[in-house]
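Chemist:
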Amino acid sequence: MNNVVVTAKYGPRIRWNSVITAAPLAPSPLLAAKTCDGLACLECVRQCPDGALRALPEAAEHRLWLNPPARTDWGVCRQSRLATDCMGRCLRVCPAGRSAGRGPTRQIA
34 MNNVVVTAKY GPRIRWNSVI TAAPLAPSPL LAAKTCDGLA CLECVRQCPD GALRALPEAA
94 EHRLWLNPPA RTDWGVCRQS RLATDCMGRC LRVCPAGRSA GRGPTRQIA
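So the sequence shown is numbered by my numbering: it starts at 34 and just counts up by one.
Structure representation (structure tokens):
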């Protein structure tokens with residue numbers, strides 16, 4: 034989940050793109066609450082079958098609003114994704130942005 038932004042509505046299950054415009058756009062309000070539970074959760078790290086995700090316990094908890102405190106070893110992730118079907122598992126199990134009836138609610142086997 035390196036370079037992932039966790040949103041309140043969709044969690045990490047979102048793809049970003051670019052919009053370049055000269056249109057006057059009103060800014061979004063600042064977040065009222067954290068979207069990632071940070072070191073208290075780490076479900077993404079626990080569910081990674083090959084250890085491609087590692088927790089960053091030195092992460093400053095007060096700065097974890099949008100980004101999970103974990104880093105991805107992309108080499109390990111790429112090598113094992115076909116053998117273990119791990120690609121995207123960290124995104125699927127993230128509780129952020131999950132609403133009733135959307136996304137898994139248990140450990141993925």
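Glycine included, every Cβ here is placed at the ideal spot set by N, Cα and C.
Keep in mind the model is a prediction, meaning the values are calculated, not measured.
Compare the Cα-Cα distances from T68 to each of R46, N50, C81 and P82 and report the closest residue.
Modeler: R46
Chemist: Beta carbon of G130, beta carbon of A65: below 8 angstroms?
Modeler: For G130 and A65, no; Cβs fall outside 8 angstroms.
Chemist: Do you know whose CA, among L86, G71 and E91, lies nearest P101's CA?
Modeler: G71
Chemist: Could you spell out where the beta strand (DSSP E) holding L86 opens and where it closes?
Modeler: L86 to A88
Chemist: My output table needs one value for R131: the three-state DSSP class, helix, strand or coil.
Modeler: coil
Chemist: Just reading off the beta strand (DSSP E) that R104 is part of, what are its end residues?
Modeler: A103 to T105
Chemist: Got a sec: is the Cβ-Cβ distance from V37 to anything in chain C below 8 angstroms?
Modeler: The structure shown contains no chain C; it is built from a single protein chain.
Chemist: Between the Cα of C119 and the Cα atoms of A103, A88 and C77, which residue gives the shortest distance?
Modeler: Answer by Cα proximity: C77.
Chemist: Which residue marks the beginning of the alpha helix (DSSP H) containing V78, and which one marks its end?
Modeler: Residues E76 to Q80.
Chemist: Provide the residue span of the alpha helix (DSSP H) that contains L124, from first to last.
Modeler: R122 to V126
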